[in-house]
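S.K.:
Numbering (the numbering used here), first residue to last: 755 to 905.
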């Protein structure tokens with residue numbers, strides 16, 4: 755009986771030690787993530803300050819909504835129906851085309867690789883390390899001259 759009690763006590767102590775180790779590891783991970791977040795916030799503040807300084811020197815930057823209106827854009831959607839493909843009309847004066855690609859809302863993937871292919875599967879561009887924007891979409895821009903009618 756005493757041997758069983760001793761074995762149970764030993765098992766409980768081992769379990770508690772494992773739990774303490776797990777808590778310590780989680781705490782260290784949380785502290786490291788907090789340090790990274792603080793560093794990234796500091797970097798962002800410095801970049802925003804630098805951007806403000808540059809805007810002040812150059813008289814401000816153009817309204818981003820006006821700039822975006824001049825770039826033909828299309829939002830691509832997941833679909834198994836190949837007859838309902840998204841289409842984009844590219845004006846002859848356009849120099850760039852932007853593709854918006856919705857991504858999963860989870861944080862499962864930190865970055866994406868995107869291949870832009872023509873209808874005939876010719877590679878136009880490969881973008882590695884693309885990150886979703888605030889709305890959770892990838893925004894990929896390519897030269898309009900690389901696309902032909904029907905691509």
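We put the CB at the ideal spot given by N, CA and C, even for glycine.
Remember, it's a predicted structure, so these values are computed and weren't measured experimentally.
Out of curiosity, what's the CA-to-CA distance linking residue 773 and residue 784?
M.R.: Cα to Cα, residue 773 sits roughly 16 Å from residue 784.
S.K.: Taking 8 Å as the cut-off, does the region 876 to 883 touch the region 841 to 855 (at least 3 CB pairs, one atom from each stretch)?
M.R.: no
S.K.: Can residue 891 and residue 854 be called in contact, C-beta distance under 8 Å?
M.R.: yes
S.K.: Evaluate residue 777 with the Cβ neighbour count: other Cβ atoms within 10 Å of its Cβ, from every protein chain shown; 16 or more gives buried, anything less gives exposed.
M.R.: exposed
S.K.: Residues bridged to residue 878 by DSSP?
M.R.: The partner list for residue 878 (beta bridge, DSSP) is empty, contrary to what the question assumes.
S.K.: If I measure Cβ to Cβ from residue 886 and keep anything under 7 Å in the same chain, skipping five residues before and after, which residues do I get?
M.R.: Cβ within range, chain order: 857 and 892.
S.K.: Starting from the N-terminal side, write out each stretch of the alpha helix (DSSP H) that is 4 residues or longer and does not extend beyond the region 756 to 822.
M.R.: 756 to 812
S.K.: Under a three-way DSSP split, which group does residue 898 fall into?
M.R.: helix
S.K.: Could you tell me which of 865, 859, 805 and 883 sits nearest to residue 889, measuring between CA atoms?
M.R.: Of the candidates 865, 859, 805 and 883, the one whose C-alpha sits nearest the C-alpha of residue 889 is 859.
S.K.: Which two residues bound the contiguous beta strand (DSSP E) that contains residue 852?
M.R.: 850 to 856
S.K.: Note down the Cα distance separating residue 807 from residue 901, rounded to an integer number of angstroms.
M.R.: 38 Å
S.K.: Cutting at 6 Å between CB atoms, please list the residues of its own chain near residue 788, excluding the five before and the five after it.
M.R.: none
S.K.: Tell me whether residue 844 sits in a helix, a strand or coil according to DSSP, three-state version.
M.R.: The three-state secondary structure of residue 844, taken from DSSP, is coil.
S.K.: Helix, strand or coil: which one does DSSP assign to residue 866?
M.R.: Strand.
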